[in-house]
Amino acid sequence: MASSETGEDGPADAEVLEWVEQVAAYLAADGVPPIAGRILGWLMVCDPPEQSAARIAAAIGASRASLTTNLRVLQSMGFMTKRTRPGERTAYYRLADGAWEAVVRRQIAALASFRDVTAAGLALLGADTARAGRVREAQRVFDWMAEVFEHAPPIRKEPS
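Heads up, the sequence shown is in our numbering, so the first residue is 68 and it goes up one at a time.
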C-alpha cells in the first residue's frame, strides 16, 4: 500500500492503515501482540481477501520473523486460514469464515467454566464463611454472565 490516494473503491491507504492501528490498539488492551492485531485488522479490510505473508508484512510494516510467529498464533486461535494455490509455493492467508464468532464463543465458554473453579473454592472454604466472600462475588458475576449468554439471541448472518 504505497499510495495514499483515495481510489474509487474506498478510503485512502493512510486512512485504512490508521484503522488497522485502531484494531491493533483495541486488541492490545486484551493482551494481543500489536503485530497480531495489525494482521487481523489488515485481513479484515484488504483486497484481495487472501494475502501472502510478504504482502501482509509490506502492508503493516512488520518483519517477516515477527509476522510468521504471529500468523501461527492467529491460526492456532482459529482467526485465519492458510492455503496454497496449485503450482505455487506461496502460502496465502485470509480471515476464517465465522472467526470472530467462534473465538468469542470459546472465550465465553472459558469464562463460564470458571464457575466450576469458584464452586470448588466455595466447597473448600465453606460457602458461608467470611473468607469465601471474594469467591462468592466472582461466582455471582460468572453465574450472571453464563445466564446472559445462555439467553442471548443468535448472531444474525449477512444475507448472501
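All residues carry an ideal CB built from backbone N, CA and C; glycine is no exception.
| query | result |
| --- | --- |
| Cutoff 8 Å; reference Ala95; Cβ partners in own chain excluding five residues on either side | Pro101 and Gly104 |
| Selection from Asp97, Gly128 and Leu178 that minimises the alpha carbon distance to Leu106 | According to the sequence shown, residue 106 is Ile rather than Leu. When only C-alpha atoms are compared, the closest one is Gly128. |
| Short Cβ contact (8 Å threshold) for Leu163 with Phe181 | One detail in the question is off: residue 163 reads as Ala in this sequence, not Leu. In this structure, Phe181 does not lie closer than 8 Å to Ala163 by Cβ. |
| Given 8 Å, three or more beta-carbon pairs between the region 166 to 179 and the region 209 to 223 | yes |
| DSSP state of Ser180 mapped onto helix, strand, coil | helix |
| Presumed contact (8 Å Cβ cut-off) between Arg161 and Pro116, rounded CB distance | 5 Å |
| Residues sharing a beta bridge with Arg150, DSSP | Tyr159 |
| Residue burial classification, Leu110 (beta-carbon count within 10 angstroms, cutoff 16) | buried |
| Span of the alpha helix (DSSP H), counted from its first residue to its last, around Glu88 | Asp80 to Ala95 |
| Counted within 10 angstroms of its Cβ, other Cβ atoms place Glu72 as buried (16 or more) or exposed | Any reading at Glu72 must be qualified, since the residue scores a pLDDT of 40, below 50, and its modelled position is unreliable; no value is offered. |
| Contacts around Ser70, its chain only, beta-carbon distance under 6 Å, and the 5 residues preceding and following it disregarded | Bear in mind that a pLDDT of 41 at Ser70, under 50, signals an unreliable position, so the number given afterwards is only what the model happens to contain. The residues are Asp80. |
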